[in-house]
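Undergrad:
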Amino acid sequence: MYKELETYLSVVQNGSFSKAAKELYISPSAVFQQINNLENHLGVKLLIRTSHGVKVTEAGNILVRRGREILNLCKQTQSELKYFKKQITLGAGFLTQNLEFQKLIKGSQINVSISFAEVKDYNSISDTVDLLETIYTQGLAKQGFSFQKISEIPLAVAIAPNCKLKSKKRISEQDLSNYTITVIKHGLSSSTDEAVKYLKTNKHLKIIELSQYNHSFIDFCQLNNTLMLVPKCWKKSCEPYILKDLDKKFLLDYGYFYRKNKIKILDEVMMTLE
Numbered sequence: 001m002y003k004e005l006e007t008y009l010s011v012v013q014n015g016s017f018s019k020a021a022k023e024l025y026i027s028p029s030a031v032f033q034q035i036n037n038l039e040n041h042l043g044v045k046l047l048i049r050t051s052h053g054v055k056v057t058e059a060g061n062i063l064v065r066r067g068r069e070i071l072n073l074c075k076q077t078q079s080e081l082k083y084f085k086k087q088i089t090l091g092a093g094f095l096t097q098n099l100e101f102q103k104l105i106k107g108s109q110i111n112v113s114i115s116f117a118e119v120k121d122y123n124s125i126s127d128t129v130d131l132l133e134t135i136y137t138q139g140l141a142k143q144g145f146s147f148q149k150i151s152e153i154p155l156a157v158a159i160a161p162n163c164k165l166k167s168k169k170r171i172s173e174q175d176l177s178n179y180t181i182t183v184i185k186h187g188l189s190s191s192t193d194e195a196v197k198y199l200k201t202n203k204h205l206k207i208i209e210l211s212q213y214n215h216s217f218i219d220f221c222q223l224n225n226t227l228m229l230v231p232k233c234w235k236k237s238c239e240p241y242i243l244k245d246l247d248k249k250f251l252l253d254y255g256y257f258y259r260k261n262k263i264k265i266l267d268e269v270m271m272t273l274e
């Protein structure tokens with residue numbers, strides 16, 4: 001009845017079966033069948049088809065008012081019931097790793113299944129994502145996530161395989177003279193800001209700032225043959241570039257961004273890490 005009720009309200013709002021069908025991405029005949037099923041289930045006539053669309057009956061108007069309340073209550077109830085589900089959805093994308101969390105679950109006695117949802121835009125994470133394993137960023141913290149730190153990750157300089165700096169174990173800002181390095185714009189974290197400030201002490205180093213870490217960031221650097229400043233945990237994402245430590249450590253907090261009080265079992269897992 002839930003599906004039929006949604007279809008009914010769409011027909012009323014759109015004024016016709018065909019327009020409702022387009023909105024719901026189903027055929028007009030499927031809409032007609034669902035309305036028939038709803039009317040038969042309730043034992044009343046809800047709609048009268050006319051040459052201009054549909055006319056809502058007196059009984060139909062009552063269902064319009066109550067129907068929205070019913071759907072809202074159903075959605076609220078579903079949300080509350082999800083707190084007890086035994087499934088956690090991990091965000092999968094350029095900025096996420098998920099390796100430590102999967103190890104944590106496998107090493108525990110917790111009975112939970114793991115699914116993945118692709119993250120294309122880190123500025124607008126879908127509500128379906130329960131947890132992301134990544135470095136701490138202010139942007140994610142502003143999207144309703146709590147953060148549980150598990151370690152610290154150093155920033156590193158990624159260089160091309162044929163770069164002259166390849167033989168160096170550690171790189172100083174002076175080693176970067178006459179090079180171009182691409183960094184993230186101010187505000188990602190205090191550590192990235194401090195690292196960029198450190199690099200700027202070399203007046204012979206050209207610095208390019210991009211707005212966010214993503215595939216375009218890597219593509220830009222490789223296309224333009226620039227070095228890049230990245231978290232060391234992104235070694236695989238930067239290939240074929242090679243990551244080199246800086247002679248000075250700039251550490252980023254690394255851990256789990258998760259939605260607190262959304263899933264009981266996830267809250268319990270996070271409590272074991274506190």
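Okay, so the sequence shown: first residue is 1 according to the UniProt record's numbering, each after it adds one.
All C-beta atoms in this analysis are idealised placements derived from N, C-alpha and C, irrespective of residue type, glycine included.
What you are looking at is a predicted structure, and each value in this text was computed from that prediction instead of being measured.
1) Taking the C-alpha atoms as reference points, what is the distance between S113 and T89?
2) Can you have a look at F84 and say buried or exposed, based on whether 16 or more other CB atoms are within 10 angstroms of its CB?
3) Please go through the same chain and pick out, in chain order, the residues whose beta-carbon is closer than 6 Å to the beta-carbon of F217, but skip the five residues on each side of it.
4) For G93, count neighbouring Cβ atoms within 10 angstroms of its own Cβ and tell me buried if that reaches 16, exposed if not.
5) When you compare only the Cα positions, how much space is there between V54 and S115?
6) Using alpha carbons as the reference points, say which of L47, M1 and E39 lies closest to V11.
7) Can A158 and I35 be called in contact, C-beta distance under 9 Å?
8) Quick one: any contact between the segment 225 to 242 and the segment 136 to 148, if contact means 3 or more CB pairs under 8 Å?
9) Can you tell me whether V157 is helix, strand or coil according to DSSP?
10) DSSP three-state call for Q34: helix, strand or coil?
11) Taking 9 Å as the cut-off, decide whether the C-beta atoms of K235 and Q212 are in contact.
12) To which residues of the same chain is D247 closer than 7 Å at the C-beta, ignoring the five residues directly before and after it?
13) Can you name the start and end residues of the beta strand (DSSP E) that S113 belongs to?
14) Once you ignore the five residues that flank G187 on each side, which residues in its own chain have a CB closer than 8 Å to its CB?
15) Let's test the definition: count the other Cβ atoms within 10 Å of the Cβ of R65 and tell me whether it reaches 16, buried, or not, exposed.
16) Here's a check: name, in chain order, each residue in its chain whose Cβ is nearer than 7 Å to the Cβ of T226, leaving out the five neighbours to either side.
17) How do the segment 153 to 168 and the segment 249 to 258 stand: do at least 3 beta-carbon pairs fall below 8 Å, yes or no?
18) Quick one: Cα of K232 to Cα of H215, how far?
19) Which same chain residues, not among the five before or five after H204, have their C-beta less than 7 Å away from its C-beta?
TA: In this structure, then:
1) The residue you call residue 113 lines up with position 113 of the sequence shown. The residue you call residue 89 lines up with position 89 of the sequence shown. The alpha-carbon of S113 is positioned some 9 Å away from that of T89.
2) As a first step, residue 84 is located in the sequence shown; it is residue number 84 there, counting from the start. Counting Cβ neighbours within 10 Å, F84 comes out exposed, since fewer than 16 surround it.
3) Indexing the sequence shown from 1 puts residue 217 at position 217. Excluding sequence neighbours, F217 sits near L210.
4) Your numbering for residue 93 matches position 93 in the sequence shown. G93 should be labelled buried.
5) On the sequence shown, residue 54 is found 54 positions in, with the first residue counted as 1. On the sequence shown, residue 115 is found 115 positions in, with the first residue counted as 1. Counting only the Cα atoms, S115 lies some 43 Å from V54.
6) Position 11 of the sequence shown, counted from the first residue, corresponds to residue 11. For V11, the closest alpha carbon among the candidates L47, M1 and E39 is that of L47.
7) Position 158 of the sequence shown, counting from 1, holds the residue named residue 158. Position 35 of the sequence shown, counting from 1, holds the residue named residue 35. No, these two residues do not count as a Cβ contact at 9 Å.
8) Counting Cβ pairs under 8 Å, fewer than three are found: no touch.
9) As a first step, residue 157 is located in the sequence shown; it is residue number 157 there, counting from the start. DSSP places V157 in strand when its eight states are reduced to three.
10) On the sequence shown, position 34 is the one that residue 34 refers to. Helix.
11) Counting from 1 along the sequence shown, the entry for residue 235 is found at position 235. Counting from 1 along the sequence shown, the entry for residue 212 is found at position 212. Against a cut-off of 9 Å, the Cβ pair of Q212 and K235 comes out as no contact.
12) On the sequence shown, position 247 is the one that residue 247 refers to. Once the five neighbours on either side are set aside, the close Cβ partners of D247 are R170, I171 and S172.
13) Numbered from its first residue, the sequence shown carries residue 113 at position 113. Membership of S113 in the beta strand (DSSP E) is indicated by the continuous run S113 to E118.
14) Taking the sequence shown and counting its residues from 1, the one referred to as residue 187 is at position 187. Taken in chain order, the residues that qualify are Q138 and D193.
15) In the sequence shown, the residue the question calls residue 65 occupies position 65. Only exposed fits R65, as fewer than 16 other CB atoms lie within 10 angstroms of its CB.
16) The residue labelled residue 226 in the question sits at position 226 within the sequence shown. Cβ neighbours of T226 beyond the five flanking positions: T180, I181, T182 and I208.
17) Contact between the segment 153 to 168 and the segment 249 to 258 is present, because at least three Cβ pairs lie under 8 Å.
18) Residue mapping note: residue 232 aligns to position 232 of the sequence shown, counting from 1. Residue mapping note: residue 215 aligns to position 215 of the sequence shown, counting from 1. The straight-line gap from Cα to Cα measures roughly 16 Å.
19) By 1-based counting over the sequence shown, the position of residue 204 is 204. Correct list, in chain order: S177 and N178.
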